[in-house]
Amino acid sequence: MIGLISALEEELLLFKNQAKITEVVNQAGLKFHFGTLAEQKIVLLRCGVGKVNAAVATQLLIDRFGVDAVVFSGLAGALVPHLKRGDIVVSNYVVQHDIDLTAFGRRHGEIPDMTRLFEADPKLVRLASDAWEEKSIDEESPSQLVVGTIATGDSFVSDKERIKWLQREFGAVAAEMEGGAVGQVCSMSRVPFVIIRVISDGAGDGAAGEFIMFLDQASELTFQLIMGMLKLMSANQKTITT
Ligand code: ADE
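For what it's worth, my numbering labels the leading residue of the sequence shown as 4, then goes sequentially.
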């Protein structure tokens with residue numbers, strides 16, 4: 004079973020509408036929607052904004068519901084000029100940029116006795132790229148998919164200096180508010196994960212306005228890509244069993 008998480012209701016709406024939901028379980032103020040989508044068993048939920056919300060949701064998916072993988076989707080701010088609104092970013096690594104033990108000589112993002120960059124599952128990253136290629140062939144899509152480091156923190160980035168810092172310090176291409184927590188929790192339990200983000204804003208002046216304007220349209224783009232991933236999973240499973 005695949006756990007599909009988004010922070011906001013808008014980001015999850017299409018999944019809820021398209022999936023065949025058979026059961027809803029409430030825990031910790033969260034609603035876990037069980038069902039199938041593109042012939043895959045899934046559990047969907049909106050976790051709310053920020054790292055703690057994402058961590059709680061992810062741990063529950065793992066411990067209580069035994070998911071085999073976690074896919075987190077939503078919007079992100081671009082940290083590099085070549086990323087434009089509507090482009091997709093798939094995490095190869097996630098880092099929590101607001102972890103700061105530099106007073107003890109550590110690097111920004113470094114968690115004692117742990118890593119600084121949490122690696123997403125290469126197979127899921129590959130699946131996202133494959134799904135994107137299949138989609139692009141029949142759609143002539145002007146946007147691009149980029150695999151790169153996603154920087155996570157409990158603040159919405161809307162500041163040019165901050166963009167430069169995130170880019171230089173972490174080599175990050177996009178900023179958001181949950182992926183790093185999902186990455187840490189999944190890595191601690193050795194559960195595969197990937198973060199799929201669509202660029203909604205330039206993370207500079209006016210980012211909040213851009214985010215709000217693009218929210219519904221952007222959610223359609225991540226939904227389409229994840230549908231493609233689920234379809235490929237189902238097709239691969241059929242090839243193995245036949
Ligand atoms: N999600 C979308 N845009 C963002 C930004 N600029 N900062 C943090 N999270 C975001």
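The beta-carbon is built from N, C-alpha and C at its ideal position, and this holds for glycine as well.
Span of the alpha helix (DSSP H), counted from its first residue to its last, around residue i
i, result
"residue 167", "163-173"
"residue 9", "Segment 5-9 is the beta strand (DSSP E) holding residue 9; no alpha helix (DSSP H) there."
"residue 184", "182-191"
For residue j and residue i, the rounded distance between their alpha carbons
i, j, result
"residue 91", "residue 192", "27 Å"
"residue 227", "residue 44", "17 Å"
"residue 212", "residue 173", "26 Å"
"residue 220", "residue 106", "42 Å"
"residue 24", "residue 37", "6 Å"
"residue 194", "residue 123", "10 Å"
"residue 110", "residue 103", "7 Å"
"residue 152", "residue 40", "28 Å"
"residue 238", "residue 229", "14 Å"
"residue 9", "residue 108", "35 Å"
"residue 53", "residue 139", "32 Å"
For residue i, the first and last residue of its enclosing beta strand (DSSP E)
i, result
"residue 13", "From DSSP, residue 13 is part of no beta strand (DSSP E) but of the alpha helix (DSSP H) over 12-21."
"residue 204", "196-204"
"residue 207", "Run containing residue 207: none; DSSP gives neither H nor E here."
"residue 150", "148-155"
Spatially closest choice to residue i from the options, by CA coordinates
i, options, result
"residue 121", "59, 186 and 13", "186"
"residue 69", "5, 95 and 93", "5"
"residue 225", "210, 88 and 95", "88"
"residue 119", "151, 183 and 132", "183"
"residue 198", "240, 31, 177 and 137", "177"
Taking the runs of the beta strand (DSSP E) that are 3 residues or longer, which of them lie wholly in the region 24-111? 33-40, 43-49, 72-81 and 91-99
So within the region 207-239, which uninterrupted beta strand (DSSP E) runs reach at least 3 residues, ignoring any that extend past its ends? none
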